[in-house]
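Q: Structure incoming, see below.
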Amino acid sequence: MTIEFASPATAPRDSGHPATVTAGLIERLAAHVTADADATAVTKTAPYTGAPLAELPVSAPEDVEGAFTRARIAQRLWAATPVHERKRIMLRFHDLLLERRHEVLDLMQAESGKTRRDAFLEVSDIAITARYYARRAAGLLAPQRRRGAIPLLTHTTELRHPKGVVAVVSPWNYPLSMAAGDAIPALMAGNAVVQKPDTQTALTALWALDLMREAGIPADVWQMVVGRGSSIGDALIDNADYIMFTGSTASGRRIARDAGVRLIGASLELGGKNAMLVLDDADIERAADGAISACFPSAGQLCVSIERLYVAEPIREKFVAAFVERARKLRLGAEYDVGIDVGSLTTPSQLETVTAHVEDAVSKGATVLAGGRSRPDLGPLFYEPTILAGVTPEMTLYAEETFGPVVSIYPFDDLDDAVARANATPYGLNASVWTRDGAKGRAVAARLHAGTVNVNDAFAAAWGSIDAPMGGMGDSGLGRRHGADGLLKYTESQTVAQQRVMGFTPPAGISYRLWATILTGWLKAMKRAGVR
Numbered sequence: 001m002t003i004e005f006a007s008p009a010t011a012p013r014d015s016g017h018p019a020t021v022t023a024g025l026i027e028r029l030a031a032h033v034t035a036d037a038d039a040t041a042v043t044k045t046a047p048y049t050g051a052p053l054a055e056l057p058v059s060a061p062e063d064v065e066g067a068f069t070r071a072r073i074a075q076r077l078w079a080a081t082p083v084h085e086r087k088r089i090m091l092r093f094h095d096l097l098l099e100r101r102h103e104v105l106d107l108m109q110a111e112s113g114k115t116r117r118d119a120f121l122e123v124s125d126i127a128i129t130a131r132y133y134a135r136r137a138a139g140l141l142a143p144q145r146r147r148g149a150i151p152l153l154t155h156t157t158e159l160r161h162p163k164g165v166v167a168v169v170s171p172w173n174y175p176l177s178m179a180a181g182d183a184i185p186a187l188m189a190g191n192a193v194v195q196k197p198d199t200q201t202a203l204t205a206l207w208a209l210d211l212m213r214e215a216g217i218p219a220d221v222w223q224m225v226v227g228r229g230s231s232i233g234d235a236l237i238d239n240a241d242y243i244m245f246t247g248s249t250a251s252g253r254r255i256a257r258d259a260g261v262r263l264i265g266a267s268l269e270l271g272g273k274n275a276m277l278v279l280d281d282a283d284i285e286r287a288a289d290g291a292i293s294a295c296f297p298s299a300g301q302l303c304v305s306i307e308r309l310y311v312a313e314p315i316r317e318k319f320v321a322a323f324v325e326r327a328r329k330l331r332l333g334a335e336y337d338v339g340i341d342v343g344s345l346t347t348p349s350q351l352e353t354v355t356a357h358v359e360d361a362v363s364k365g366a367t368v369l370a371g372g373r374s375r376p377d378l379g380p381l382f383y384e385p386t387i388l389a390g391v392t393p394e395m396t397l398y399a400e401e402t403f404g405p406v407v408s409i410y411p412f413d414d415l416d417d418a419v420a421r422a423n424a425t426p427y428g429l430n431a432s433v434w435t436r437d438g439a440k441g442r443a444v445a446a447r448l449h450a451g452t453v454n455v456n457d458a459f460a461a462a463w464g465s466i467d468a469p470m471g472g473m474g475d476s477g478l479g480r481r482h483g484a485d486g487l488l489k490y491t492e493s494q495t496v497a498q499q500r501v502m503g504f505t506p507p508a509g510i511s512y513r514l515w516a517t518i519l520t521g522w523l524k525a526m527k528r529a530g531v532r
């Protein structure tokens, strides 16, 4: 199959330097897709221009099944590979990633339309993730002594075994973070991975795979398939031993249902309608800067970005003025350098959703304080950072996730009311609290129904604290990534208990009645001694 590349006029440039995204690179990455040689192709377009970027082969269900067959063979050898050798490969991947960052920055921008600043955050994220799990895996996977049933006589150990072959389904909005970030702990735990990245940004995921193979991972341990979920989704679920999915709540429900039928585990990071609370003692200028960082990264196409902003009435007027002023000054553009603040939306469907949500709100009485319009003069999928006031429950964006550069502002007089309104959503992914009083901020954070809450930060503080778990409550998902949970979820725990000298039946010559009396006294003594 011929792999086509966009014309030189649409090839990315990095601060005036020659493009790193070449026809040869596209062809090499496309070759990593698990698909028949005569597979049909899908054409990818560049969000900045709408012009064709590349063609990728499309995997069929039988390709997925073949990938799992090869992965199972490879996984047995990979699981037997000492953890220190897996660590060496992962740290080599870390180094290669940082050395070749400009290549993947160009690739991410070309595929997703995000700014270079936002793309670099993904590089940083994956470097941190690779280093963390490379250095933590041995300790997390080591056998752990547990308290035995009878002290000194019961020797109990907890072991960790890999699940087997993990299916990872990753989204288009953060193509490096979500693709490599979920594969890394699964691989470090001794699993093989068969992954379906979103087609729109599959090249970035394939680039990570290519780099991992260069670092030394065996070819069949991490494989990728490309195609629509309606075509190959069943084959993924039917063959997987565990599923990691990031995407919409509707799709997550279907995956959870199908995983339940098979009695396999699933970790799901789904949608959000995240809230930010600006308390009456907040530093207004700092909070306004924080709101910009919270609402508009990656053109708002971020699961943890803020779409609802609750502001204490005593500072509302000053805060709104500062926030609007900053939003109006944001620089939009299709440039491959760090001078741009906000990039493009990624797909036409996202532009349609953002436009429909804003138009619906305005038609029902909402006020546009900033933005509120698309920018075809910059590119086909640009939309201005938009701030709305007067949003009411009958408006679509009041409760539904927009997933774009749109935020609604709501005043509040009573903190308890603000907390209740922030929690009045089926979602529970991320939240933000702004105050000069850190203790007060943490206390408010503990009352919010969200898997991560940031005090005086938008989302990076919690996300970047990779030693702590990250995930959603309610309709925002199941399971956690990051921290110990992010690796151990890809393992099966096994308890091995050895009983020595004597067990739970009476020794010879002692009746069951006397034995029960002896055990009763022993249990009371253990309680008095404070033994757990």
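Residue numbers (my numbering): 1 to 532. Glycine included, C-beta positions come from ideal geometry on N, C-alpha and C.
Just to confirm, is the Cβ distance from Asn454 to Ser432 under 8 Å?
A: Result yes, Cβ atoms of Asn454 and Ser432 sit closer than 8 Å.
Q: Quick test of your reading: Val33 and Met224, contact by CB under 8 Å. State the CB separation rounded to the nearest angstrom.
A: Val33 to Met224, Cβ: 6 Å. Contact.
Q: What is the C-beta distance between Arg480 and Asp182, in whole angstroms, given that I count them as a contact (C-beta under 8 Å)?
A: That pair is no contact at about 12 Å.
Q: Between the Cα of Thr43 and those of Leu56, Ala149, Ala497 and Ile292, spot the shortest distance and give me the residue it belongs to.
A: When only C-alpha atoms are compared, the closest one is Leu56.
Q: Using a Cβ-Cβ cutoff of less than 6 Å, which residues in the same chain neighbour Arg131 once the five nearest sequence positions on both sides are dropped?
A: Here the set comprises His94.
Q: Asn454 bridges to which residues according to DSSP?
A: Ser432.
Q: Please name the residue, chosen from Arg100, Gly333 and Leu141, that lies closest to Asp377 on a Cα-to-Cα basis.
A: Minimum Cα distance to Asp377 is reached at Gly333.
Q: Buried or exposed: which applies to Gln498, given that a residue is buried once 16 or more other Cβ atoms fall within 10 Å of its Cβ?
A: Gln498 should be labelled exposed.
Q: Report all residues from its chain with a CB closer than 7 Å to the CB of Arg373; omit the five preceding and five following residues, and keep chain order.
A: Excluding residues within five positions, the ones whose Cβ falls inside 7 Å are Glu384.
Q: Can you list, in chain order, the residues of its chain whose CB lies under 7 Å from that of Ala219, leaving out five sequence neighbours each side?
A: Within the same chain, Ala219 has close Cβ partners Arg213.
Q: Alpha carbon to alpha carbon, what distance is there between Gly521 and Leu263?
A: Distance between the alpha carbons of Leu263 and Gly521 is about 42 Å.
Q: Would a C-beta distance cut-off of 8 Å place Tyr242 and Val166 closer than the cut-off?
A: Cβ distance < 8 Å, so Tyr242 and Val166 count as in contact.
Q: Look at Thr204 and His102 and say whether their C-beta atoms are less than 8 Å apart.
A: For Thr204 and His102, no; Cβs fall outside 8 Å.
Q: Starting from the Cα of Asp63, find the closest Cα among Val338, Gly227 and Asp281 and give me that residue.
A: Comparing Cα-Cα distances from Asp63 to each of Val338, Gly227 and Asp281, the minimum goes to Gly227.
Q: What residue does the alpha helix (DSSP H) around Phe245 start on, and which one ends it?
A: Element bounds for Phe245: not the alpha helix (DSSP H) but the beta strand (DSSP E), Tyr242 to Thr246.
Q: Around the Cβ of Ser349, are there at least 16 other Cβ atoms within 10 angstroms (buried) or fewer (exposed)?
A: Per the 10 Å Cβ criterion, exposed.
Q: So, is Leu77 buried or exposed, given that buried needs 16 or more other C-beta atoms within 10 angstroms?
A: Exposed, by the Cβ-count rule.
Q: Whole angstroms is fine: what's the gap from Thr584's alpha carbon to Leu53's?
A: Residue coverage of the chain in this structure runs from 1 to 532, which leaves residue 584 outside it and unanswerable.
Q: Three-state secondary structure (DSSP) at Arg257?
A: Helix, per DSSP.
Q: Output needed for Ser344: all residues of its chain with C-beta closer than 7 Å, excluding positions within five of it in sequence on either side, in chain order.
A: Counting only Cβ-Cβ distances below 7 Å, and skipping sequence neighbours, we find Pro47, Tyr48, Gly113, Ala299, Ala334, Gly379, Leu381 and Phe382.
Q: Since Trp222 is in the beta strand (DSSP E), which residue starts that stretch and which ends it?
A: Segment Trp222 to Met224, the beta strand (DSSP E) holding Trp222.
Q: What alpha helix (DSSP H) runs, 4 residues minimum, are completely inside the region 278-327?
A: With a minimum length of 4 residues, the continuous alpha helix (DSSP H) runs that stay inside the region 278-327 are 284-295.
Q: What do you get for Arg331, buried or exposed, if any count of 16 or more other CB atoms within 10 angstroms of its CB means buried?
A: Looking at its Cβ environment, which holds fewer than 16 other Cβ atoms inside 10 Å, Arg331 is exposed.
Q: Please list the terminal residues of the continuous beta strand (DSSP E) segment that includes Gly265.
A: Run containing Gly265: Gly265 to Glu269, per the beta strand (DSSP E) assignment.
Q: Could you pull out every residue in the same chain whose Cβ sits closer than 7 Å to the Cβ of Leu448, ignoring the five residues on either side in sequence?
A: Val419, Ala422, Asn423 and Ala431.
Q: Along the alpha helix (DSSP H) that carries Thr517, what are the first and last residues, could you check?
A: Unbroken alpha helix (DSSP H) run through Thr517: Tyr512 to Arg528.
Q: For Ser374, name the three-state secondary structure that DSSP assigns.
A: If DSSP states are grouped into helix, strand and coil, Ser374 belongs with the strands.
Q: Please look up how many angstroms separate the CB atoms of Leu141 and Ala189, rounded, as I've assumed it's under 8 Å.
A: About 7 Å separates the two Cβ atoms, so the contact holds.
Q: Assuming Val362 and Val368 make a contact with CB atoms under 8 Å, what is their CB distance in whole Å?
A: About 6 Å separates the two Cβ atoms, so the contact holds.
Q: Kindly indicate which residue of Ser170, Ile284, Ile217 and Glu313 has the alpha-carbon position closest to the one of Thr246.
A: If we check each option's Cα against that of Thr246, Ser170 comes out closest.
Q: Which of helix, strand or coil does DSSP assign to Ala550?
A: Missing from the structure shown is residue 550; the chain here goes from 1 to 532 and no further.
Q: Excluding the 5 residues flanking Thr396 on each side, which residues of the same chain have their C-beta closer than 8 Å to its C-beta?
A: The residues are Ala356, His357, Asp360 and Ala361.
Q: Measure the alpha-carbon distance for Asp437 versus Ala180 and round it to whole angstroms.
A: Each residue's Cα considered, the two are about 37 Å apart.
Q: Pick out the complete alpha helix (DSSP H) segments inside the region 376-448, 4 residues or longer, and give them in chain order.
A: For the region 376-448, whole alpha helix (DSSP H) runs of length 4 or above, ordered along the chain, are 396-399, 415-422 and 438-446.
Q: Inspect the beta-carbon positions of Thr199 and Ile340 and report whether they are closer than 8 Å.
A: No. Outside cutoff.
Q: Do Val311 and Asn274 have their CB atoms nearer than 8 Å?
A: No, these two residues do not count as a Cβ contact at 8 Å.
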